[in-house]
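Have a look at the structure below before the remarks.
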Amino acid sequence: MPSALPDQLRRIVGAPHVLTGVECSPYVVEGRTPEAVVFPGSQEEVAAAVTLAAEQGLPVTPWGGGTKMWVGAPPSRIGLVLATKRLDRILEHEPGDLTVTVEAGLTFDRLQAELGQRGQWLSLDPPASDRATIGGILASDASGPRRHLYGTARDLVIGLTVIGADGRAVRGGGKVVKNVAGYDLPKLYIGSFGTLGIVVEATFRLRPRADVDRLVVARFDRLADAGQGARAVLGSDLIPSALELADGEALRRLGLGGAAALLLGLDGIAPQVDWQVDELERLLKSRGVVDQRVLDGDAREETWRALGALGRPGADTVAAVMRWALLPMQTAELMEAGAAAARRHGMGAAMTAHAGVGIVTAVLSGSADPGPVSATLEEWRSLVTAARGHAMVSWAPLAVKERVAVWDAPGPTLRLMRSIKERLDPRGILNPGRFVGGI
Amino acid sequence: MPPLTDARKKSLRREMEALLGKGGVLSDPDELMVYESDGLTLFRALADFVVFPRSAGDVAALVKLANREGIPFVARGAGTGLSGGCLPTEGGLVISLMRMNRVLEVDYDNQIAVVEPGLVNLHLSWAVGPQGFYYAPDPSSQQACTIGGNIANNSGGPHTLKYGVTTNHVLGLEVVLPDGELVWLGGRTRDAQGYDLVGLFVGSEGTFGIATKIVVRILKKPQAVKTVLAVFDQVDQASEAVSAIIARGLVPAAMEMIDQLTIEAVEDAFGCGYPRDAAAALLIELDGLAAGMAAQAERVVQACRDCGARDVREARDEAERALLWKGRKSAFGAYGRVSPAYMVMDGVIPRTKLPYVLGRVNAIAAAHGLRVGNVFHAGDGNLHPNILYDPRKPGEEARVVAAGGEILKVCAEVGGSISGEHGIGLEKADYMPFIFSEADLACMQRVKDAFNPAGLCNPGKIFPTNKACVEVGPAYRPHPIEEKGLAQRF
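Here the protein sequences come in this chain order: B and V.
The number in my numbering is simply the position in the first sequence, starting from 1, with 684 added.
The number in my numbering is simply the position in the second sequence, starting from 1, with 229 added.
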């Protein structure tokens, strides 16, 4: 009986917390409208909703801040959207232990603001952090420039609770910073895009806030020179928290100008930061640097925010976004080759990279015609694959996704991944179809 | 599995010798005995064969052979593990990786190294040292333990306070899966697509397969290092100093505590310069940029003084620093000076609970009539209470096991963990319900089945042998592993 589902959901979470019919339109995923959207107010309600969906074989799509719902292949089926925004509490923050436990629907900026009042921070800087939730950040393994020094979610999560496909809560890890008891389940769930469980709670290790935090922009005439600059920084005694490489088009959009630049995050106590600013100048002087300036306060924050926003759709000109994983020393060369490929297809491109870890965000702009967009993405993938790296389409319109695979062709490990998926979600109800290999 | 007949053993030996050469297979009981336990000598089990492959192809062939014969197998590095994790099943196959010990490639520009699993941890730092690099995870056994063993146990060490444990330094693994297929998990680049199989594999205690090549990050050596020794008349003062240092916004590279009993053992054995009359000492190391180092050290010194330190001083030179670290890293060996045997525990607690838990640990040991020495990673709350005992005294070993269980229960009660770096192995399998629910364990079992459906790859580890929560009381009961005949006590 089709009307049964909303009523059953209302009994679990209360009538105001279920949307149906046209009310679901803000929760459309890649053109597919869910039958209902449910907003559980507790982990138990999440469990009850998932159990209900499992009984009916209804797919469940987890939804945090909705800032990354366009990542992945279009869903093979959609049924229930499970939104976590009411699970937004900080459950435990013990400053002396440098740990915090939070619910999954909490937005990142709210957590950071709370931690900041006690002199600590979660050393992660994902994009759209004003709306992105902890659960969504973990499910999509979102990160930002500071991963250069502080790592990604996999390095910062020490415990995780998910609701599995059978509606049961599963906890991996714990609440202490060092722990090897049992399998490292948090690693499995981080970056799994909700295909194995719905994150409801997470515990992180924290860091003390730095006394001083600066952003240094060093501009170059050529991207290759900036790449050599990055190499020099990596081989030096400097310990930047971020090391970004940006091409001319990216700099234009950031309002910084120039043909290429390195953007460094330098934080710590004042003498450390001051020494590094001077040392950087000395290091880059003989390497073709044009100028170097130091940003602080709002200018610093706004530049980091804009850098994160570059790789997000929204601006009319963005036609598609791709993310490449390369060796650090390959980034500058591949960025140039990628931009040239875009030009050959009559498109524009803006490129930035986490230069020290080899992650490139390649933003394609210009025509929305799926032909040249798809052709450019395919050529980018060939370039990256030839360099033995990986490429994923992090955003593209549906018409493009119909022509270009979101994920690389999976290798022999797909067998293992499928085997894990089948054992943890035997009926395939958790966010089906969006992940690698159609998982 | 029924025991192999002598004829079958002979024919298998011939088959493996054809693959590995005559020196590549051990099956004589006298020779096998060397491999019957790891660093935790409480448990022993004798394999049918110990084999020494030289390549991934050899390992894959051996694993396929084991599958064909239905023989359980386990990978073994240096055998320095402390939870019985690499013990064979009685009658199984031990695959020693000690002949696969090469550094295959170092890429300094991209700061990665590709190594074989039998490479000794410290030898990697030696190999890349001349270029100004090192491998960060530094277990106290790093002079002997192998990178492959570190992968299995997700090993830590003193400097993981700042730099993280093994899993934070591994990018890719070439792995022989439990069915003999050779695959790469991850690689040289970050953010491999799909599930984080590398993250799962690291710390899976050899139950997901055998790593045959390992891609690790290597780090630039820090520009400057400062080592501070703080001496306290009360253990509580030292515990409070740990929290005080963290509260002042400092993340030292390492922060180790050594108590009086351990100091005496270390001084008897090595004479490293720790004051014998101190109740506890903290060994605190800062590293990073030279700029600002003095100011940071001053913050550390002040925090220790504020907590009542009797004496705080910086190591004068590299020689003194090395001597202090030698004392810390050799402490386990030094217990031989004060006791015929000891059992090392490996619990983790929130560091703010240090004063309370250390008090409980001492009370538990005292209630069992035992002495306990503490030397541990105080900065991340990773306790190593070492229970001293004499195995020749009837009943003493049983009291040690009982006390150990009670200590881990306290760790679990305050929100901690039953293992920070030694792994669960055989030793703590039955304590898993202290911190994990039935649903948690069922999920882990499903993940294990995905990798290891036949269950031949290192069976009997990690998972509790009975469903009920283990009750640890003062009366001795045989360890369930012994009851099941999986291991023997000596």
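Backbone N, C-alpha and C define an ideal beta-carbon position, used for all residues, glycine too.
Would you kindly work out how many angstroms separate the C-alpha atoms of residue i and residue j, rounded to a whole number?
{"i": "residue 277 of chain V", "j": "residue 245 of chain V", "result": "12 Å"}
{"i": "residue 261 of chain V", "j": "residue 275 of chain V", "result": "7 Å"}
{"i": "residue 1124 of chain B", "j": "residue 728 of chain B", "result": "In this structure chain B extends from 685 to 1123, so residue 1124 of chain B is not present and cannot be described."}
{"i": "residue 497 of chain V", "j": "residue 584 of chain V", "result": "27 Å"}
{"i": "residue 504 of chain V", "j": "residue 550 of chain V", "result": "15 Å"}
{"i": "residue 399 of chain V", "j": "residue 719 of chain B", "result": "43 Å"}
{"i": "residue 299 of chain V", "j": "residue 316 of chain V", "result": "18 Å"}
{"i": "residue 462 of chain V", "j": "residue 986 of chain B", "result": "51 Å"}
{"i": "residue 576 of chain V", "j": "residue 566 of chain V", "result": "24 Å"}
{"i": "residue 351 of chain V", "j": "residue 236 of chain V", "result": "42 Å"}
{"i": "residue 445 of chain V", "j": "residue 389 of chain V", "result": "15 Å"}
{"i": "residue 956 of chain B", "j": "residue 520 of chain V", "result": "5 Å"}
{"i": "residue 863 of chain B", "j": "residue 823 of chain B", "result": "22 Å"}
{"i": "residue 641 of chain V", "j": "residue 604 of chain V", "result": "20 Å"}
{"i": "residue 303 of chain V", "j": "residue 692 of chain V", "result": "16 Å"}
{"i": "residue 1015 of chain B", "j": "residue 324 of chain V", "result": "40 Å"}
{"i": "residue 769 of chain B", "j": "residue 722 of chain B", "result": "10 Å"}
{"i": "residue 363 of chain V", "j": "residue 712 of chain B", "result": "50 Å"}
{"i": "residue 500 of chain V", "j": "residue 984 of chain B", "result": "52 Å"}
{"i": "residue 489 of chain V", "j": "residue 592 of chain V", "result": "16 Å"}
{"i": "residue 296 of chain V", "j": "residue 232 of chain V", "result": "15 Å"}
{"i": "residue 594 of chain V", "j": "residue 898 of chain B", "result": "51 Å"}
{"i": "residue 284 of chain V", "j": "residue 430 of chain V", "result": "20 Å"}
{"i": "residue 659 of chain V", "j": "residue 665 of chain V", "result": "11 Å"}
For the alpha helix (DSSP H) holding residue i, just list the boundary residues, first then last.
{"i": "residue 960 of chain B", "result": "954-969"}
{"i": "residue 552 of chain V", "result": "547-558"}
{"i": "residue 855 of chain B", "result": "That residue, residue 855 of chain B, is in no alpha helix (DSSP H); its beta strand (DSSP E) goes 853-857."}
Go ahead and pull the three-state DSSP assignment for residue i.
{"i": "residue 696 of chain V", "result": "Bear in mind that the predicted position of residue 696 of chain V carries a pLDDT of just 41, short of 50, making it too unreliable to give a figure here."}
{"i": "residue 768 of chain B", "result": "coil"}
{"i": "residue 462 of chain V", "result": "coil"}
{"i": "residue 397 of chain V", "result": "helix"}
{"i": "residue 754 of chain B", "result": "coil"}
{"i": "residue 804 of chain B", "result": "strand"}
{"i": "residue 1079 of chain B", "result": "strand"}
{"i": "residue 1091 of chain B", "result": "coil"}
{"i": "residue 1106 of chain B", "result": "helix"}
{"i": "residue 388 of chain V", "result": "coil"}
{"i": "residue 710 of chain B", "result": "helix"}
{"i": "residue 726 of chain V", "result": "Lying before the first or after the last residue shown, residue 726 of chain V is absent from chain V, which here runs from 230 to 719."}
{"i": "residue 1054 of chain B", "result": "helix"}
Return no unless some Cβ of chain A is closer than 8 Å to the Cβ of residue i.
{"i": "residue 730 of chain B", "result": "Among the protein chains in the structure shown, which are B and V, there is no chain A."}
Starting from residue i and walking both ways along the beta strand (DSSP E), at which residues does that stretch end?
{"i": "residue 572 of chain V", "result": "570-573"}
{"i": "residue 606 of chain V", "result": "Unbroken run through residue 606 of chain V: none, as it is neither H nor E."}
{"i": "residue 353 of chain V", "result": "Taken as a continuous stretch (DSSP letters only), residue 353 of chain V belongs to no beta strand (DSSP E), being part of the alpha helix (DSSP H) at 350-357."}
{"i": "residue 442 of chain V", "result": "439-446"}
{"i": "residue 704 of chain B", "result": "702-704"}
{"i": "residue 615 of chain V", "result": "614-618"}
Cβ of residue i versus every heavy atom of the ligand FAD: is any distance shorter than 7 Å?
{"i": "residue 680 of chain V", "result": "Inclusion of the ligand FAD in the displayed structure is not the case, the ligand content being empty and no account of it being possible."}
Handout entry: Contained alpha helix (DSSP H) runs [length at least 4] in the region 819-849 of chain B, N- to C-terminal order
Key = 831-834, 837-840
Problem - Interfacial residues, the region 309-333 of chain V to chain B, with Cβ spacing under 7 Å - result: none
Exercise for the section: Would you list, in chain order, the members of the region 1064-1076 of chain B that have their beta-carbon closer than 7 Å to a beta-carbon of chain V? Expected result: 1073, 1074, 1076
Handout entry: Residues, ordered as in the chain, of the region 857-877 of chain B that lie near chain V by beta-carbon distance below 7 Å
Key = 858, 859, 860, 861, 862, 863, 864, 865, 866, 867, 868, 869, 871, 872, 874, 875, 876
Handout entry: Near-chain B residues of the region 333-351 of chain V - C-beta to any C-beta below 9 Å
Key = 336, 337, 338, 339, 340, 341
Handout entry: Whole runs of the beta strand (DSSP E) within the region 982-1040 of chain B, excluding any shorter than 3 residues
Key = 1002-1009, 1032-1038
Exercise for the section: Can you check the region 871-924 of chain B for any alpha helix (DSSP H) of at least 4 residues that lies completely inside it and give the ranges in chain order? Expected result: 907-918
Handout entry: Residues of the region 939-971 of chain B whose Cβ lies closer than 8 Å to any Cβ of chain V, in chain order
Key = 952, 953, 954, 955, 956, 958, 959, 960
Problem - Cβ-based contacts, 7 Å cut-off: residues of the region 804-836 of chain B near chain V - result: 835
Problem - Interface residues of the region 1107-1119 of chain B facing chain V [CB-CB below 8 Å] - result: 1107, 1108, 1119
Practice task
Pull out every residue of the region 1090-1103 of chain B whose Cβ sits closer than 8 Å to any Cβ of chain V, in chain order.
Solution key: 1091, 1092, 1094, 1095, 1096, 1097, 1098, 1100, 1101, 1103
Practice task
Check distances from the C-beta atoms of the region 1007-1023 of chain B to those of chain V and list, in chain order, the residues that come in under 7 Å.
Solution key: 1009, 1010, 1011, 1012, 1013
Handout entry: Interface residues of the region 844-857 of chain B facing chain V [CB-CB below 8 Å]
Key = 848, 852, 853, 854, 855, 856
Practice task
Residues of the region 910-934 of chain B with a CB closer than 9 Å to any CB of chain V: list them in chain order, please.
Solution key: 915, 918, 919, 920, 921, 922, 923
Problem - Any alpha helix (DSSP H) of 4 or more consecutive residues that is wholly inside the region 465-547 of chain V - result: 489-498, 522-535
Problem - Contained alpha helix (DSSP H) runs [length at least 4] in the region 241-325 of chain V, N- to C-terminal order - result: 258-261, 285-298
Practice task
Check distances from the C-beta atoms of the region 768-792 of chain B to those of chain V and list, in chain order, the residues that come in under 8 Å.
Solution key: 778, 779, 780, 781, 782, 783
Problem - Residues from the region 1041-1056 of chain B in contact with chain V, defined by Cβ distance under 7 Å - result: 1041, 1042, 1043
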